[in-house]
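Student: So the sequences go chain by chain: V and L. So that you can map any letter, position 178 of the first sequence is 1298 in the numbering used here, and since no number is skipped, the others follow by simple counting. So that you can map any letter, position 168 of the second sequence is 1288 in the numbering used here, and since no number is skipped, the others follow by simple counting.
2 protein chains.
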Amino acid sequence: MPEQRPARRTPAMDALSQDTKSRILDAAESLFMEHGFEATSLRQLTAAASVNLAAVNYHFGTKEELFQAVLTRRLDPMNQERIDLLERYERQAGTRPLSCEKILSAMLIPALRLSRDERRGGKDFLRVLGRAYADPAPFIRNFLSAQYAEMISRFKDAFQKALPHLTKQELTWRLHFVMGALSYTLAGTDALKLMAQVIPHDRDNDEMLLERLAPFLAAGLKAPLGDTKKLELASGD
Amino acid sequence: MPEQRPARRTPAMDALSQDTKSRILDAAESLFMEHGFEATSLRQLTAAASVNLAAVNYHFGTKEELFQAVLTRRLDPMNQERIDLLERYERQAGTRPLSCEKILSAMLIPALRLSRDERRGGKDFLRVLGRAYADPAPFIRNFLSAQYAEMISRFKDAFQKALPHLTKQELTWRLHFVMGALSYTLAGTDALKLMAQVIPHDRDNDEMLLERLAPFLAAGLKAPLGDTKKLELASGD
DNA sequence: GCGTGATTCAAACGCTCGTTTGAAACCATC
DNA sequence: GATGGTTTCAAACGAGCGTTTGAATCACGC
């Protein structure tokens, strides 16, 4: 592992050839997106990045640490952006509580900006992230929990103010559903091919997707309590 | 591979020791739930099932076919149950369109029944299923698409009748979000540990979970069109 | 109780995996 | 142009993988 990272200039710092570490991160982002973490081997990854096989272990330690680095590179700035945006909205609102839609915007807009930005990996990263949500590997679960802790806590508070009639527990359930719809949407896998026939998958749709997600989630969050009778489980009529 | 499956009785057909095929399926269901498909090796799987290593290839062909068998065993009956329930509701309603809540019930109740039934694998299977939704492996994606095709088409028609003001495209988006929240909820991973602190994970909560999911999703599906202004993407105020 | 096909078993096959190694190449500094 | 730390490289390591093999075992019809 490198003892330190001297800020010396590489022979070509331009777009043609970034440094080894970035090339590895870019290739990893793309391949983890396409095949998932387990199914991506370091051999195909280093080949795609045009670096030596040993470079991953040298620069990142292990394959798991590489995965965490792939996530951190984009996730930390995005979550910071979310918090900043939320605080800006709160300042603008003064003493009045924010609407659900506004809070959701603070969650979605940074994700949407990221997905538009080719230079920051665009959709690829968000797909990796969406997949990571469903991964059972403990090192992923623990890492995500830690990375999201601050943002989640801020947004939970904001939603609680916007929806004071919901108990803490009820709000937790609903945020759970929100995260589900969001991660599935970001992952863009659509196991059931619901979208494929009706809606082609391109950049414009990715934006419309998040714009349609916000009203859907807002309506769910604001749903009145107990407006549905209990599900009838008896098999008889 | 076995040429045929003679219905001869095994030395012990009782609960103590089912036949080899079932023991493999049960162990696979449990281990795929815990570690995922890729991360589960046939050696730990066959050890957990107390069968010979070669038994999986003998009875199922390959590891992938085993995974499909794990899914089919529970999924086919559950989806048939969903369709039957929907048709019963439709008969009861006569000419009037069904409510969103009713249609959602037809989707959720069979899943809930399965999750309560220890003899049918209970929650374990639903977690495997939820994970499968997010898996990028083509053989899983294609398999799920095929398995769900009929059910999805029926329910899409039903929702379209319940929500005639939604365009086909808009409905597709919203069903996409519904599937997202549902799969994340079934998978029960909760990458962000939202639930852990507030709500212990036990059987009663699994049932409450689906009961809370229905009103949330119904509200989202019924959300009015275009009630939200476009997300403001400009970084400036 | 023998023959037959289904099933189990221990062992091995060939391959790929993540990681390590130690030497070579590189590059700023003296 | 020698020094010393950083990075790259080809090669190998040991382990584990999914799968195959061929013989042993079993259950049953004859």
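Idealized CB from N, CA, C, for every residue including glycine. Given the structure is predicted, the values throughout are model-derived calculations rather than measurements.
(1) Please tell me whether TYR1209 of chain V has its Cβ less than 8 Å away from any Cβ of chain L.
(2) Indicate whether ALA1301 of chain L and LEU1333 of chain L have their beta-carbon atoms separated by less than 8 Å.
(3) Helix, strand or coil: how does DSSP classify VAL1171 of chain L here?
(4) Could you tell me the alpha carbon to alpha carbon distance between SER1170 of chain L and LEU1205 of chain V, rounded to whole angstroms?
(5) GLU1184 of chain L lies in the alpha helix (DSSP H); which residues open and close that run?
(6) Is there contact here, the stretch 1280 to 1296 of chain V with the stretch 1234 to 1245 of chain L, by at least three beta-carbon pairs under 8 Å?
(7) From THR1287 of chain L to GLN1280 of chain L, what does the alpha carbon distance come to, in whole angstroms?
(8) Output needed for HIS1062 of chain L: all residues of its chain with C-beta closer than 8 Å, excluding positions within five of it in sequence on either side, in chain order.
(9) Quick one: list the residues of chain L neighbouring ALA1257 of chain V, beta-carbon separation under 9 Å, in chain order.
(10) Could you list which residues in chain V have their beta carbon closer than 8 Å to that of THR1305 of chain L, in chain order?
(11) Using a C-beta to C-beta distance shorter than 7 Å, which residues of chain L count as neighbours of ASP1310 of chain V?
(12) Grouping DSSP H, G and I as helix and E and B as strand, with all else coil, what is ARG1236 of chain V?
(13) Count the other CB atoms, across all protein chains shown, that sit within 10 Å of the CB of ALA1174 of chain L; report buried if there are 16 or more and exposed otherwise.
(14) Can you give me the C-alpha to C-alpha distance between PHE1245 of chain L and ASP1310 of chain V, rounded to a whole angstrom?
(15) Considering only residues of the same chain and omitting the five flanking positions on each side of GLN1138 of chain V, which have a CB-CB separation below 6 Å?
(16) What is the DSSP secondary structure of SER1219 of chain V, reduced to helix, strand or coil?
(17) If contacts are defined as beta-carbon pairs under 8 Å, then ASN1199 of chain L and MET1271 of chain L qualify, I think. What distance do you get, rounded to the angstrom?
(18) When we look at the beta-carbon of GLN1164 of chain L and count the other beta-carbons within 10 Å, is it buried (16 or more) or exposed?
(19) Taking Cβ-Cβ distances below 7 Å as the criterion, which residues of the stretch 1178 to 1193 of chain L are in contact with chain V?
(20) Does the beta-carbon of SER1225 of chain L have 16 or more other beta-carbons within 10 angstroms, so that it is buried, or is it exposed?
(21) Only counting the same chain, and skipping five residues up and downstream in sequence, which positions put a Cβ closer than 8 Å to that of ALA1254 of chain L?
(22) By the three-class DSSP mapping on this structure, what secondary structure does PHE1157 of chain V have?
(23) For GLN1188 of chain L, count neighbouring Cβ atoms within 10 angstroms of its own Cβ and tell me buried if that reaches 16, exposed if not.
(24) Using a Cβ-Cβ cutoff of less than 7 Å, which residues in the same chain neighbour GLY1156 of chain V once the five nearest sequence positions on both sides are dropped?
(25) Throw me the rounded Cβ distance for the ALA1343 of chain V and PHE1336 of chain L pair, which I believe falls under 8 Å.
(26) Could you tell me whether any Cβ in chain L is nearer than 8 Å to the Cβ of SER1273 of chain V?
(27) Starting from the beta carbon of SER1150 of chain L, find every residue of chain V whose beta carbon is closer than 9 Å, and list them in chain order.
(28) Check the Cβ-Cβ distances between PRO1284 of chain L and every residue of chain V, and say whether any is below 8 Å.
(29) Using the Cα positions of ALA1282 of chain V and MET1227 of chain V, report the straight-line distance between them to the nearest angstrom.
(30) Taking buried to mean at least 16 other C-beta atoms within 10 Å of its own C-beta, is ALA1167 of chain V buried or exposed?
(31) Taking 7 Å as the cut-off, does the CB of TRP1293 of chain V come closer than this to any heavy atom belonging to the ligand COA?
(32) Find out if the Cβ-Cβ distance for the pair HIS1296 of chain V, THR1305 of chain L is shorter than 8 Å.
(33) For ILE1260 of chain L, which residues of its own chain have a beta-carbon under 6 Å away from its beta-carbon, when the five flanking residues on both sides are left out?
(34) Whose C-beta lies closer than 7 Å to the C-beta of ALA1147 of chain L among residues of the same chain, with five residues either side of it excluded?
(35) Counting only C-beta atoms, is ARG1163 of chain V closer than 8 Å to chain L at any point?
(36) Cα-Cα, which of L:VAL1298, L:LEU1162, L:LEU1314, L:MET1299 is closest to ALA1269 of chain V?
Tutor: Concretely, from the data shown:
(1) no
(2) The answer is yes: Cβ separation under 8 Å.
(3) coil
(4) 55 Å
(5) 1183 to 1213
(6) no
(7) One C-alpha to the other measures close to 8 Å.
(8) Any property of residue 1062 of chain L remains undetermined from this structure, which presents chain L solely from 1121 to 1357.
(9) HIS1155, GLY1156, ALA1159
(10) HIS1296, PHE1297, GLY1300
(11) The CB of ASP1310 of chain V comes closer than 7 Å to the CB of HIS1296 in chain L, given here in chain order.
(12) helix
(13) exposed
(14) 19 Å
(15) Same-chain partners within the cutoff: there are none.
(16) If DSSP states are grouped into helix, strand and coil, SER1219 of chain V belongs with coil.
(17) 4 Å
(18) exposed
(19) none
(20) buried
(21) SER1303, ALA1307
(22) coil
(23) buried
(24) The residues are ARG1251.
(25) 6 Å
(26) no
(27) Those within 9 Å of SER1150 of chain L in chain V number zero; the least Cβ separation is about 12 Å.
(28) no
(29) If I take the Cα positions, the gap works out to 15 Å.
(30) By the 10 Å Cβ count, ALA1167 of chain V comes out exposed.
(31) The model on display carries no ligand, and the ligand COA is accordingly not part of it.
(32) yes
(33) ALA1252
(34) Within the same chain, ALA1147 of chain L has close Cβ partners LEU1165, ALA1168, ALA1169.
(35) no
(36) Checking every option, the nearest Cα to that of ALA1269 of chain V belongs to L:LEU1314.
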